[in-house]
DNA sequence: ATCCCGAGGG
DNA sequence: CCCTCTGGAT
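Residue numbers (the working numbering): 671 to 889.
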């Protein structure tokens, strides 16, 4: 086992103890609902998403019914989540494509999911891992990327490269829960701006504790 | 690299 | 006023 892989295993174990219950915090009951909620979650808190989705899911029970909505009406319903024009257009486009090309069912594979407007690897990984239980990759959002770098598990900045490193370092069965734990830790402790390194229960593993954010990062 | 975009915190 | 929040498309 490589040195980095050993450190990854140590992080995985520590995260499991610190966040045993970590899971998806978006509210959903079907794969389609999770897809919608995940598209809405871009640059927005999951809590805010959970405030707008109940009314939306009540009005649109199928992809076809969402695709048939007037974009203006949809924009009003999701306004609070930000980026509402882009998101409304993506949702209507994705719902229409699912209705027409996939017989009304959210596709179960990465390649198909990536054809949907507003869906890239992050969103596809969320749906595959959390709705279908068939992860093809690791969810890399702003939290996962930041923590993987701080933890010394990658030096990449490109989310796709971070994902490749994490896939190499962790067994497939841990990919879904790993992302949830990193996100939980990233929100509560290892925040972007002022991480609570002083009270962090994982600090003993961390190469960045006490190291100023930018010092020596460029050579 | 830049744009889309609201809401809440410091 | 600044920044950040489970991104994606151009």
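Each residue gets a CB set at the ideal place from its N, CA and C atoms; glycine is no exception. Since the structure is predicted, the reported quantities are computational estimates derived from the model, not experimental observations.
| Check | Outcome |
| --- | --- |
| Can you have a look at residue 690 and say buried or exposed, based on whether 16 or more other CB atoms are within 10 angstroms of its CB? | exposed |
| I need the straight-line Cα distance from residue 778 to residue 876, nearest angstrom please. | 37 Å |
| Grab the span of the alpha helix (DSSP H) containing residue 726 for me, first residue to last. | 716 to 729 |
| Quick check: what's the CA-CA separation for residue 756 versus residue 774? | 22 Å |
| Look up residue 795 in the DSSP assignment and say whether it is helix, strand or coil. | helix |
| Rounded to whole angstroms, what is the Cα-Cα separation between residue 730 and residue 736? | 5 Å |
| In three-state terms, what does DSSP make of residue 832? | helix |
| Check whether the region 818 to 827 touches the region 789 to 802, taking contact to mean three or more Cβ pairs, one atom from each stretch, closer than 8 Å. | no |
| Which first and last residues belong to the alpha helix (DSSP H) in which residue 763 is found? | 754 to 771 |
| Where does the unbroken alpha helix (DSSP H) through residue 852 begin, and where does it stop? | 845 to 858 |
| For residue 740, count the other beta carbons within 10 Å of its own beta carbon; 16 or more makes it buried, fewer makes it exposed. Which is it? | exposed |
| Kindly confirm or deny that the region 858 to 877 and the region 681 to 689 touch, where touching means at least three C-beta pairs closer than 8 Å. | yes |
| Give me the Cα-Cα distance between residue 823 and residue 685, rounded to the nearest whole angstrom. | 14 Å |
| Between which two residues does the alpha helix (DSSP H) harbouring residue 698 extend? | Here residue 698 belongs to no alpha helix (DSSP H), and DSSP marks it neither H nor E. |
| Locate the alpha helix (DSSP H) running through residue 780, then write down its first and last residues. | 780 to 783 |
| Helix, strand or coil for residue 786, going by three-state DSSP, please let me know. | coil |
| Taking only three categories from DSSP, how would you classify residue 863? | coil |
| Using the rule of at least 16 other Cβ atoms within 10 Å of the residue's Cβ for burial, across every protein chain shown, is residue 711 buried or exposed? | buried |
| Which class does residue 872 belong to by DSSP, given the choice of helix, strand or coil? | coil |
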